[in-house]
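Read left to right, the sequence shown gives residues 1 to 64 (UniProt numbering). What follows is a set of notes on a single structure, which appears directly below.
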Amino acid sequence: PKGSKRSRAAEVHNLSERKRRDRINERMKALQELIPNSNKTDKASMLDEAIEYLKLLQHQLQVV
1 PKGSKRSRAA EVHNLSERKR RDRINERMKA LQELIPNSNK TDKASMLDEA
51 IEYLKLLQHQ LQVV
């Protein structure tokens with residue numbers, strides 16, 4: 001029984017971790033759709049592109 005408690009806890013943890021990863025992946029896909037000409041697939045590169053695009057938009061707002 002003690003081992004089954006541990007495996008049940010691990011199972012719950014694995015499920016919640018999978019849901020967390022799925023949610024992050026969905027949000028990354030949504031972010032990628034908002035960034036023009038974004039063709040990066042790895043998360044770090046996508047975030048870099050998003051940061052640069054936001055900086056560009058901020059600059060454009062300041063110029064206007």
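By construction, the Cβ of each residue, glycine as well, lies at the ideal position given by its N, Cα and C atoms. Predicted model, so just to flag it, every value in this text is computed and none were measured.
Between Gln-32 and the rest of its own chain, which residues show a CB-CB distance below 7 Å, the 5 nearest in sequence each way excluded?
The answer, listed in chain order, is Ser-38, Met-46.
Neighbourhood of Lys-43 by C-beta, 7 Å cutoff - its chain only, sequence neighbours within 5 removed:
Short of 7 Å from the beta carbon of Lys-43, and not among the five residues preceding or following it, lie these beta carbons of its own chain, in chain order: Met-28.
Can you grab the Cα-Cα spacing for the pair Ser-7 / Glu-17, in whole Å?
Rounded to whole angstroms, Ser-7 to Glu-17 spans 15 Å at the Cα level.
Would you tell me roughly how many angstroms separate the C-alpha atoms of Lys-5 and Arg-21, rounded to the nearest one?
A straight line joining the alpha-carbon of Lys-5 with that of Arg-21 spans about 24 Å.
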